[in-house]
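Following: one structure in structure tokens, then a few remarks.
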Amino acid sequence: MHQLIPAPVRAETTDRSAFLLDGATTLTARAGTESTGRWLRTTLGAAFGLPLVPGGEGTGNTVDLRIDPAREPEGYRLTVTPGGGVEISGGSAAGVFWGAQTLRQLLGPEAFRRAPVGPAGPRAVPLLDIEDGPRFGWRGLMLDVARHFMPTDDVLRYLDLMAAHKLNVFHFHLTDDQGWRIEIKRHPRLTETGAWRARTRYGHRASDLWDETPHGGYYTQDDIREIVAYAAERHIRVVPEIDIPGHSQAAISAYPELGNTDVIDTSALSVWDTWGVNPNVLAPTDNTLRFFEGVFEEILDLFPADTSPFIHIGGDECLKDQWKQSPAAQARMAGLGLTGEDELQSWFIRHFDGWLTARGRRLIGWDEILEGGLAEGAAVSSWRGYAGGIAAAEAGHDVVMCPEQQVYLDHRQDGGPDEPMPIGYVRTLEDVYRFEPVPPGLSEEAAAHILGTQANVWTEVMQNRARVDYQVFPRLAAFAEVAWSPLPAPAERDFAAFERRMAAHYARLDALGVGYRPPGGPLPWQRRPGVLGRPIEGPPPHV
Ligand code: ACM
2 MHQLIPAPVR AETTDRSAFL LDGATTLTAR AGTESTGRWL RTTLGAAFGL PLVPGGEGTG
62 NTVDLRIDPA REPEGYRLTV TPGGGVEISG GSAAGVFWGA QTLRQLLGPE AFRRAPVGPA
122 GPRAVPLLDI EDGPRFGWRG LMLDVARHFM PTDDVLRYLD LMAAHKLNVF HFHLTDDQGW
182 RIEIKRHPRL TETGAWRART RYGHRASDLW DETPHGGYYT QDDIREIVAY AAERHIRVVP
242 EIDIPGHSQA AISAYPELGN TDVIDTSALS VWDTWGVNPN VLAPTDNTLR FFEGVFEEIL
302 DLFPADTSPF IHIGGDECLK DQWKQSPAAQ ARMAGLGLTG EDELQSWFIR HFDGWLTARG
362 RRLIGWDEIL EGGLAEGAAV SSWRGYAGGI AAAEAGHDVV MCPEQQVYLD HRQDGGPDEP
422 MPIGYVRTLE DVYRFEPVPP GLSEEAAAHI LGTQANVWTE VMQNRARVDY QVFPRLAAFA
482 EVAWSPLPAP AERDFAAFER RMAAHYARLD ALGVGYRPPG GPLPWQRRPG VLGRPIEGPP
542 PHV
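Residue numbering for the sequence shown is 2 to 544, as defined by my numbering.
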């Protein structure tokens, strides 16, 4: 219906004619909807030169925004009538905003441009009645800005792209072995040293190509405040991730005392320039705990509780070799009465769980935080398949389903030879469309702990925005529909109908300047012949 993506819950065309938005159309943004009013004026004002001046109630030539608390918080109703114009009522300010996104889609691809491309004149909106709301409250996208830095402007653009797809959680992967990307005032070397690397492996880890251009960058605290405010205006929650105790070589290169100094000479480490799982993990010392409490104090300041209730502490792929070899780590384990290194990892995570909980936030981590005992109140990003999420949900923990076999958008989109730097399993647009976040067989009680789902984008082989666009689109459109719309079971989903709607959606993406993978395969400049990836053959296991 009307080529909307994600598909609305219910939409009816009430008449074949249309309501015309024109220079005289006014906009009434009632209490609580002011930011959506601002967004509509800015967006449609730019695209069509429509002034949408305030006021005009009762004239019938108006866009009327209101909150109706009887609706679900993110739900909305959008009606277009000849006598009443456009009315959007949402269960909250967020619902009104998602309704405004639907209105933009109804206005055609030109509504996605930033200046008029045709003659000035009225814009037709079909007469209809839409009743809509999301399946999940957590509809996320994770961007890894650590492996390759994404400038603030590109991050803001991704927030706009998320909003256009009614996605509402931005998981911001800010630190990793290859770079520390957020200014921390009390530990300035994290960015002075940790945000830069001398060179970068070009392609996946088996590649023998190097880009000798130094790479790096970081967000100042004002950049972060801008990103957080921009997201909030679009009803997107931000989940900042500081990845500990693994994935920490950039931090250790800046402050060598954070590493296992009794195992290796950590002062010889630099920001990592290649890919893989890194053995240089944090030392389980009081100094490390105090250092990261300081980091998280600044994080809590920058990411306020109302828009960032969750703080992600990583917890993935922490190799235990150095802890096994380190007399200091072993002494720590003995002192704590711990019987294995997995328990030491748990102790680390539990420390920050308690610390965050005491400050009114919730910890979320990758599913490895289940190993050795899950911290109370912690939520899990289930990435190694469904299993971690199922175990966590059955144990009463909240879960975000983001299994790598299904929704890691760094994985290749096609099995052909032209995919650039192909990684992982073949995950086509149709595969993503048939992804089901709630695994079958889960008890009703456990299923209620599935907060939602998230697509993750790791950028080892995505050097810039064009590479990210190529991997993310068009699959994010299918993902958005999975997260928002009430789809039937995977095998019964009407992919052909989705593809027909995609025809209109590609025109929107074109207007937005998104460098998606065309249905026919990569264009010549999107290929990277001769640069090694790491494809995995065969279908993904159903785990
Ligand atoms: C992950 O992909 N290491 C969370």
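In this text, a Cβ means the ideal position worked out from N, Cα and C, and glycines have one as well.
The ligand ACM never approaches residue 273 closely enough for any of its heavy atoms to be under 7 Å from the residue's Cβ.
Comparing alpha-carbon positions, the option among 393, 479 and 471 lying closest to residue 529 turns out to be 471. By the Cβ test, the region 110 to 128 is not in contact with the region 143 to 156, since fewer than three Cβ pairs between them sit closer than 8 Å.
Under DSSP, the beta-bridge partners assigned to residue 171 are 142 and 239. In this structure, the C-beta of residue 318 approaches the ligand ACM to less than 7 Å from one of its heavy atoms. Ranked by Cα distance from residue 349, the first of 290, 6 and 229 is 290. Each of 26, 446 and 330 was checked against the Cα of residue 55, and the nearest Cα belongs to 26. Cβ atoms of residue 363 and residue 311 come within 8 Å of each other, at about 5 Å.
Scanning its chain for C-beta atoms nearer than 6 Å, with the 5 sequence neighbours on each side dropped, one finds around residue 535 the residues 205 and 424, in chain order.
Taking the Cβ atoms as the reference, residue 136 lies roughly 13 Å from residue 168, outside the contact range of under 8 Å. In this structure residue 65 is in contact with residue 87, their Cβ atoms being roughly 7 Å apart against a cut-off of 8 Å. The beta-carbon distance between residue 130 and residue 13, rounded to whole angstroms, is 5 Å. This is short enough to meet the 8 Å contact definition.
Leaving aside the five residues that flank residue 61 on each side, the residues in its chain whose CB is nearer than 8 Å to its CB run, in chain order, 83, 84, 85 and 86. Remark: the shortest separation between the CB of residue 384 and any heavy atom of the ligand ACM falls under 7 Å. Between residue 143 and residue 174 a beta carbon distance of about 6 Å is seen, short of the 8 Å cut, so the two are scored as contacting. Around the Cβ of residue 46, a 10 Å sphere holds fewer than 16 other Cβ atoms; the residue is exposed. Excluding residues up to 5 positions away in sequence, 3, 14, 19, 81 and 107 lie with their Cβ nearer than 7 Å to the Cβ of residue 127 in the same chain.
Within the DSSP bridge table, the entry for residue 278 names no partner.
DSSP places residue 82 in the strand class (E or B) of the three-state scheme. Under DSSP, residue 401 takes part in a beta bridge, and its partners are 382 and 453. In the structure shown, the three-state DSSP call for residue 488 is coil. Secondary structure at residue 118: coil, using DSSP grouped into helix, strand and coil. Note on geometry: alpha-carbon atoms of residue 218 and residue 197 lie some 7 Å from one another. Within the model, the alpha-carbon separation for residue 390 versus residue 396 is close to 10 Å. Closest by C-alpha distance to residue 464, out of 57, 201 and 9, is 201. Straight-line measurement puts the Cα of residue 138 at about 25 Å from the Cα of residue 44. Under the DSSP definition of a beta bridge, residue 216 partners with 198. DSSP places residue 300 in the uninterrupted alpha helix (DSSP H) bounded by 287 to 303. Around the beta carbon of residue 241, a 10 Å sphere encloses 16 or more other beta carbons of the protein chains shown; the residue is thus reported as buried.
Straight across, the Cα-Cα distance linking residue 316 with residue 256 is about 20 Å.
Short note on residue 405: C-beta closer than 7 Å to some heavy atom of the ligand ACM. Spatial neighbours of residue 34 in its own chain (CB-CB distance under 7 Å, excluding positions within 5 residues in sequence) are listed in chain order as 66, 67, 68, 94 and 97. For the options 392, 414 and 486, the alpha carbon positioned closest to that of residue 442 is the one of 392.
For residue 356, the Cβ stays outside the 7 Å cut-off from all heavy atoms of the ligand ACM. By the neighbour-count criterion, in which a residue is buried when 16 or more other Cβ atoms sit within 10 angstroms of its Cβ, residue 214 is exposed. Excluding its 5 nearest sequence neighbours in each direction, residue 527 has C-beta neighbours in its own chain below 8 Å: 421, 467, 471, 516 and 518, listed in chain order.
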